[in-house]
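Peer 1: The sequence shown begins at 1 in the UniProt record's numbering and counts up by one. The beta-carbon is built from N, C-alpha and C at its ideal position, and this holds for glycine as well.
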Amino acid sequence: MRLLIIGDLKGSIVNAAKLSKEQNAKILHAIDIKSAMINLRNGENIELIIIDSEMNIKELKNTLEAEHFSVPIVSCGLSNNPKRAAESIKEGAIEYIPLPPNKEVIAALFSIISNNSEDDNNLICFSQSMSKIISVAKQIAPSIANVLISGQSGVGKEVIAKLIHKHSKNSQNDLISINCAAIPENLLESEMFGHEKGAFTGAAERRIGKFEQANNSTLFLDEISEMDLKLQAKLLRAIQEKEIFRVGGNKPIKLNMRIIATSNRNLISEVKNGNFREDLFYRLNVIHLEIPPLKDRLEDIIPLSEHFLQKYCKVNNLGKKTLDEKALKKLQVHFWPGNVRELENTIHRSILISTTSKIEEKDISIINTSEEENLESLEAMEKKAIDKALNKYNKNYDLVAKV
């Protein structure tokens, strides 16, 4: 378990860190959200974030989603306050833990997070469409074929990518991820291919890119449709030749890896519109898996709801709860624009809001937001901020990465 703690390392937070180490967690620390995002952008493969409940959890959640990081957030506070717990969940945390922490609670939390990322049994599906996708994913996993996964935000593209890697021949090595939508073009090339010392202003030392890190493993290119055409050409060459050149380097580096790419856009349309290279599309689209939105697999809504119900009753140390008939009906008729991610947050929130063992319709609080528009604007703001910093520091990439 790779854990990132955000906030001052003092008092009860230190105790939480110590208990986490006893559970064999690798601890990283960031004093604030800005520093935390640097850790994530540097490819630390964080599996869980613990944040001080007094910090801006909503800002952290929005920033993670805008940059396409799927990392669960746990809020920690100095009181066992149900109101603050509910507020934390509403802001984006999956759990609220009162401090000082309890060893058993920390262990249970790590177990759930670990199972979510590693246990195939948590791939809840009763619909024929999802069952077929999971079956095909496991069937093709041992091969070396590149895979393209498409679907709306929140449907589970990353979950399927991790499943394929887990069942691959290189599963003993880490899955290496790149968020193509979150990194500007002038930084993405160095992030992918690395650079040599002195390759450009600010390149004070050699940097190993994600391609080299993924050698003999799997490279996960999230939202590849956001990649610039010029960089697409370099990616195509790397796939064809099975080698890369670091930025500023002239020595080819031979590599062996599988690529799994995702997109929430229709890449065939993007090709027709001149936004995506046709030859790259065919290189990636050896195996294509399209994940249907939750509204098109109604059979999965209740089983997923029951799964999340059991999960969050356990992690919150609550007794067994059930959904009454009207609550189930409300879940079944909702459109779920946020897909499985939205359903999970809704169930967790209802568990904390309900005051009895029976969750009623009034406890199902569905938040209607223009989430997609908000995420796009945040992503644009992030790119503008990075470009502004590059101009301010004379394109000193290493310095900007630390800012």
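Which class does Glu-379 belong to by DSSP, given the choice of helix, strand or coil?
Peer 2: In the sequence shown, the residue the question calls residue 379 occupies position 379. Because Glu-379 carries a pLDDT of 49, less than 50, the predicted location of this residue cannot be relied on, and the following value inherits that uncertainty. Of the three classes helix, strand and coil, the one that applies to Glu-379 here is helix, per DSSP.
Peer 1: Would the beta-carbon of Leu-148 fall within 8 Å of that of Ala-261?
Peer 2: As a position in the sequence shown, residue 148 is number 148, starting the count at 1. As a position in the sequence shown, residue 261 is number 261, starting the count at 1. Contact flag set, yes.
Peer 1: Tell me the DSSP secondary structure of Lys-197 in three-state form.
Peer 2: Along the sequence shown, one-based indexing puts residue 197 at 197. Coil at Lys-197, not helix or strand.
Peer 1: Go to Leu-289, then tell me how far its beta strand (DSSP E) extends in each direction, as first and last residue.
Peer 2: Numbered from its first residue, the sequence shown carries residue 289 at position 289. Where Leu-289 is concerned, the enclosing beta strand (DSSP E) stretches over 287 to 290.
Peer 1: Does any heavy atom of the ligand COA sit closer than 7 Å to the C-beta of Lys-362?
Peer 2: For the ligand COA, the structure offers nothing, since it holds no ligand at all.
Peer 1: Count Cβ pairs between the segment 299 to 317 and the segment 339 to 351 that sit closer than 8 Å; are there 3 or more?
Peer 2: Yes, they touch.
Peer 1: Roughly how far, in whole angstroms, is the beta-carbon of Ile-301 from the beta-carbon of Ala-145, given that I think they are within contact range, below 8 Å?
Peer 2: The residue given as residue 301 occupies position 301 in the sequence shown. The residue given as residue 145 occupies position 145 in the sequence shown. Wrong, their Cβ atoms sit about 32 Å apart, outside the cutoff.
Peer 1: Report yes if the C-beta distance between Val-155 and Asn-285 is below 8 Å; otherwise report no.
Peer 2: For the purposes of this step, residue 155 is taken as the residue at position 155 of the sequence shown. For the purposes of this step, residue 285 is taken as the residue at position 285 of the sequence shown. Not closer than 8 Å, so no.
Peer 1: Just the Cα atoms here: how many angstroms apart are Asn-173 and Ile-46?
Peer 2: Here the question's residue 173 lines up with position 173 in the sequence shown. Here the question's residue 46 lines up with position 46 in the sequence shown. Rounded to the nearest angstrom, the two C-alpha atoms are 15 Å apart.
Peer 1: Suppose the cutoff is 7 Å on Cβ atoms and the five residues either side in sequence are ignored; what does the same chain contact list for Gly-7 look like?
Peer 2: On the sequence shown, position 7 is the one that residue 7 refers to. Taken in chain order, the residues that qualify are Ile-13, Ile-51, Asp-52 and Met-55.
Peer 1: Considering only C-alpha positions, which residue in the set Glu-189, Phe-276 and Lys-162 is nearest to Lys-138?
Peer 2: Locating residue 138 in the sequence shown gives position 138, counting from the first residue. Of the candidates Glu-189, Phe-276 and Lys-162, the one whose C-alpha sits nearest the C-alpha of Lys-138 is Lys-162.
Peer 1: Name the residue from Asn-215, Phe-211 and Gly-194 whose alpha carbon lies nearest to the alpha carbon of Glu-205.
Peer 2: For the purposes of this step, residue 205 is taken as the residue at position 205 of the sequence shown. Of the candidates Asn-215, Phe-211 and Gly-194, the one whose C-alpha sits nearest the C-alpha of Glu-205 is Gly-194.
Peer 1: Can you tell me whether Cys-125 is helix, strand or coil according to DSSP?
Peer 2: The residue labelled residue 125 in the question sits at position 125 within the sequence shown. Of the three classes helix, strand and coil, the one that applies to Cys-125 here is coil, per DSSP.
Peer 1: Can you give me the C-alpha to C-alpha distance between Asp-279 and Ser-365, rounded to a whole angstrom?
Peer 2: Locating residue 279 in the sequence shown gives position 279, where the first residue counts as 1. Locating residue 365 in the sequence shown gives position 365, where the first residue counts as 1. Going from the Cα of Asp-279 to the Cα of Ser-365 covers about 46 Å.
Peer 1: For Gln-152 and Asn-264, which I take to be in contact (beta-carbon distance under 8 Å), what is that distance rounded to the nearest angstrom?
Peer 2: Position 152 of the sequence shown, counting from 1, holds the residue named residue 152. Position 264 of the sequence shown, counting from 1, holds the residue named residue 264. That belief holds up - the Cβ atoms of Gln-152 and Asn-264 are roughly 6 Å apart, short of 8 Å.
Peer 1: Apply the 10 Å Cβ neighbour rule to Leu-188 and answer buried if 16 or more other Cβ atoms are within range, or exposed otherwise.
Peer 2: Taking the first residue of the sequence shown as 1, we reach residue 188 at position 188. Result: buried.
Peer 1: By DSSP, does residue 405 sit in helix, in strand, or in coil?
Peer 2: With the chain running from 1 to 403 in the structure shown, residue 405 is simply not present.
Peer 1: Evaluate Pro-72 with the Cβ neighbour count: other Cβ atoms within 10 Å of its Cβ, from every protein chain shown; 16 or more gives buried, anything less gives exposed.
Peer 2: As a position in the sequence shown, residue 72 is number 72, starting the count at 1. Buried: at least 16 other Cβ atoms inside 10 Å.
Peer 1: Taking the beta carbon of Asp-296 as the centre, do at least 16 other beta carbons fall within 10 Å, making it buried, or is it exposed?
Peer 2: Residue mapping note: residue 296 aligns to position 296 of the sequence shown, counting from 1. Exposed is the call here.
Peer 1: Less than 7 Å between C-beta atoms, sequence neighbours within five positions excluded: which residues of the same chain meet that for Ser-225?
Peer 2: Reading the sequence shown from its first residue, position 225 is the one you call residue 225. Ser-263, Arg-265, Leu-267, Glu-270 and Phe-276, listed in sequence order.
Peer 1: Rounded to the nearest angstrom, what separates Leu-19 and Ile-106 at their Cα positions?
Peer 2: Against the sequence shown, residue 19 aligns to sequence position 19. Against the sequence shown, residue 106 aligns to sequence position 106. Computed Cα separation, rounded: 7 Å.
Peer 1: Please go through the segment 170 to 233 and give each complete alpha helix (DSSP H) segment of 4 or more residues, from N-terminal end onward.
Peer 2: Counting only runs of 4 or more, we get 185 to 193 and 210 to 213.
Peer 1: Go ahead and label Tyr-96 buried or exposed: buried means 16 or more other beta carbons lie within 10 angstroms of its beta carbon, across all protein chains shown.
Peer 2: As a working mapping, residue 96 is identified with position 96 in the sequence shown. Answer is buried; the Cβ neighbour count reaches 16.
Peer 1: Where do the N-terminal and C-terminal ends of the alpha helix (DSSP H) with His-348 fall, by residue?
Peer 2: The residue given as residue 348 occupies position 348 in the sequence shown. From DSSP, the alpha helix (DSSP H) with His-348 extends over 339 to 353.
Peer 1: Assign Ala-261 to one of three DSSP states: helix, strand, or coil.
Peer 2: As a working note, residue 261 is residue 261 in the sequence shown. It is a strand residue.
Peer 1: Please report the straight-line C-alpha distance between Ser-190 and Leu-48, rounded to a whole angstrom.
Peer 2: On the sequence shown, position 190 is the one that residue 190 refers to. On the sequence shown, position 48 is the one that residue 48 refers to. Distance between the alpha carbons of Ser-190 and Leu-48: 27 Å.
Peer 1: Look at the alpha carbon of Glu-371 and the alpha carbon of Ser-150, and state the distance between them as a whole number of angstroms.
Peer 2: By 1-based counting over the sequence shown, the position of residue 371 is 371. By 1-based counting over the sequence shown, the position of residue 150 is 150. A caution first: Glu-371 carries a pLDDT of 44, below 50, which makes its placement in the model unreliable, though a value can still be read off. Taking the straight line joining both Cα atoms gives about 19 Å.
Peer 1: Could you round the C-beta distance between His-165 and Leu-175 to whole angstroms and report it? I think they count as a contact, below 8 Å.
Peer 2: Taking the first residue of the sequence shown as position 1, residue 165 is located at position 165. Taking the first residue of the sequence shown as position 1, residue 175 is located at position 175. At roughly 5 Å, the Cβ-Cβ gap stays under 8 Å, so His-165 and Leu-175 are in contact.
Peer 1: If we ignore side chains and look at the alpha-carbon of each, how far apart do Thr-322 and Ile-94 end up?
Peer 2: Here residue 322 refers to the residue found at position 322 of the sequence shown. Here residue 94 refers to the residue found at position 94 of the sequence shown. Cα to Cα, the separation comes out at about 19 Å.
Peer 1: Tell me which same chain residues have a C-beta within less than 7 Å of the C-beta of Ile-57, skipping the five on either side of it?
Peer 2: Taking the sequence shown and counting its residues from 1, one reaches residue 57 at position 57. So the list reads Ile-51, Ile-73, Ser-75, Ser-88, Glu-91, Gly-92 and Ala-93, once near-sequence residues are dropped.
Peer 1: Exposed or buried, which one is Ile-355 when buried takes at least 16 other CB atoms within 10 Å?
Peer 2: The count along the sequence shown starts at 1 and reaches residue 355 at position 355. The amino acid at residue 355 is misidentified as Ile; the sequence shows Thr. It is exposed - the Cβ of Thr-355 has fewer than 16 other Cβ atoms within 10 Å.
Peer 1: Alpha carbon to alpha carbon, how far is Glu-104 from Ala-17? Give it in angstroms, no decimals.
Peer 2: Position 17 of the sequence shown holds residue 17. Position 104 of the sequence shown holds residue 104. Approximately 14 Å, taken between the alpha carbons.
Peer 1: Short check: CB of Ala-327 to CB of Glu-306, under 8 Å?
Peer 2: Here residue 327 is taken as the residue at index 327 of the sequence shown, counted from 1. Here residue 306 is taken as the residue at index 306 of the sequence shown, counted from 1. Not in contact: Ala-327 and Glu-306 (Cβ atoms no closer than 8 Å).
Peer 1: What residue from Ile-353, Ile-367 and Arg-41 has the CA that sits closest to Met-192's CA?
Peer 2: Reading the sequence shown from its first residue, position 192 is the one you call residue 192. If we check each option's Cα against that of Met-192, Arg-41 comes out closest.
Peer 1: Identify whether Lys-320 lies in helix, strand or coil by the three-state DSSP scheme.
Peer 2: Walking along the sequence shown from the start, residue 320 turns up at place 320. Correct three-state label for Lys-320: coil.
Peer 1: Cα-Cα, which of Thr-218, Asn-316, Glu-67 and Ile-253 is closest to Cys-180?
Peer 2: Residue numbering aside, residue 180 sits at position 180 when the sequence shown is read from its first letter. Selected option, being the one with the closest Cα: Glu-67.
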